[in-house]
DNA sequence: TTGACAAATCAATTTTGATTGATATGTTGC
DNA sequence: GCAACATATCAATCAAAATTGATTTGTCAA
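Protein chains in written order, with my numbering: chain A, 1 to 107; chain B, 1 to 107.
Here it is as structure tokens:
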């Protein structure tokens, strides 16, 4: 932690652009359904097209939005690419909503 | 709590429509700035137009999006309408991100 | 090396969301 | 009642995001 924050200044606002990007990624029901599918662990795109009955290019588009927001990661394994939940984006959002929540103590 | 959930079935997925609406409301930097302003307590629209240097109809539009999502409430006081943060929307989002967070225990 | 499969990318279109300026509604004090 | 003010709503325009089908890239196995 920088010296300037050691028990002195209030927490800085998190980057609004990052928060907006994460929340935008969660603002679509198809993407929420993808994340719901990934709750059980990583899945390849072909499993997702099956589970969500969506066109492959459509899912690919939504996965990219989620990935750019830091909400999923991918891992290549031969011909397959496995997607899983990335907690970085979750933390970005959590930090923001905790920050504005009036029930939480302000520092 | 319904009998069917008493220490038996897993938590139901929260309504995806509500989650999507809340996150959509947080996906715009103007709206994030509004919430940042409301962190200190309620404000009337005229204060927000001043602080954010935005047209009144523009803020009114964004406040409606936030209100419909359950992220702000309003309270009329004579000619003024005071807006403040509504924790209901925050809880909707928190519930969802906790649900998909792999670091959290699944029930 | 070719054929089959998994996934990404692209271009065209459609849908959805934001901005703007003008107008309408509701409240107060004269 | 009327003027002044705070805010909401409306219609028109503009911008961004989603959908679709076609094409491309990458990987494997025969």
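Every residue, glycine too, gets a C-beta built ideally from N, C-alpha and C. From a predicted model like this one, the values you see are computed outputs, not experimental measurements.
is_contact[residue 49 of chain A, chain B] using C-beta, thresh 8 Å: For this step, residue 49 of chain A is matched to residue 49 along the first chain. Cβ-Cβ to chain B under 8 Å: no for residue 49 of chain A.
Beta-bridge pairing of residue 31 of chain A - partner residues as DSSP gives them: As a position in the first chain, residue 31 of chain A is number 31, starting the count at 1. Note: residue 31 of chain A sits in no beta bridge, so no partner.
Beta carbon of residue 20 of chain A nearer than 8 Å to that of residue 27 of chain B: For the purposes of this step, residue 20 of chain A is taken as the residue at position 20 of the first chain. For the purposes of this step, residue 27 of chain B is taken as the residue at position 27 of the second chain. Yes, these two residues count as a Cβ contact at 8 Å.
Within-8 Å CB hit, residue 39 of chain B to chain A: For the purposes of this step, residue 39 of chain B is taken as residue 39 along the second chain, with counting starting at 1. True, the Cβ-Cβ gap to chain A drops below 8 Å.
Counted within 10 angstroms of its Cβ, other Cβ atoms place residue 66 of chain B as buried (16 or more) or exposed: The count along the second chain starts at 1 and reaches residue 66 of chain B at position 66. Burial call: buried.
Contact between the segment 72-82 of chain A and the segment 78-89 of chain B (3+ Cβ pairs under 8 Å): Because the criterion of three Cβ pairs below 8 Å is not met, the segment 72-82 of chain A and the segment 78-89 of chain B do not touch.
Within 8 Å, strictly: CB atoms of residue 90 of chain A and residue 101 of chain B: Here the question's residue 90 of chain A lines up with position 90 in the first chain. Here the question's residue 101 of chain B lines up with position 101 in the second chain. Their beta carbons are under 8 Å apart, which means residue 90 of chain A touches residue 101 of chain B by this criterion.
Residues that residue 100 of chain B contacts on chain A, provided the C-beta gap is smaller than 8 Å: As a first step, residue 100 of chain B is located in the second chain; it is residue number 100 there, counting from the start. The answer, in chain order, is 35, 36, 38, 39, 85, 90.
Cutoff 8 Å: residue 81 of chain B Cβ touching any chain A Cβ: Residue mapping note: residue 81 of chain B aligns to position 81 of the second chain, counting from 1. Output row for residue 81 of chain B: interface = no.
For residue 17 of chain B, the nearest candidate out of A/41, A/98, A/68, A/29 (CA to CA): To locate residue 17 of chain B, count along the second chain from 1; it is residue 17. Cα-wise, what sits closest to residue 17 of chain B is A/29.
Residue(s) in a DSSP beta bridge with residue 76 of chain A: Position 76 of the first chain, counted from the first residue, corresponds to residue 76 of chain A. For residue 76 of chain A, which the question treats as bridged, DSSP gives the partners A/81.
Alpha-carbon to alpha-carbon, residue 97 of chain B and residue 86 of chain B: Residue mapping note: residue 86 of chain B aligns to position 86 of the second chain, counting from 1. Residue mapping note: residue 97 of chain B aligns to position 97 of the second chain, counting from 1. The straight-line gap from Cα to Cα measures roughly 18 Å.
Expected contact under 8 Å - CB spacing of residue 109 of chain B and residue 62 of chain B to nearest Å: It is not possible to answer for residue 109 of chain B, since the shown part of chain B is limited to 1 through 107.
Simplified DSSP state of residue 42 of chain A, which is helix, strand or coil: Here residue 42 of chain A corresponds to residue number 42 of the first chain, with the count starting at 1. Coil at residue 42 of chain A, not helix or strand.
Residue environment, residue 88 of chain B, which counts as buried when at least 16 other CB atoms sit within 10 Å: Counting from 1 along the second chain, the entry for residue 88 of chain B is found at position 88. Taking every protein chain shown into account, the CB of residue 88 of chain B has fewer than 16 other CB atoms within 10 angstroms, so this residue is exposed.
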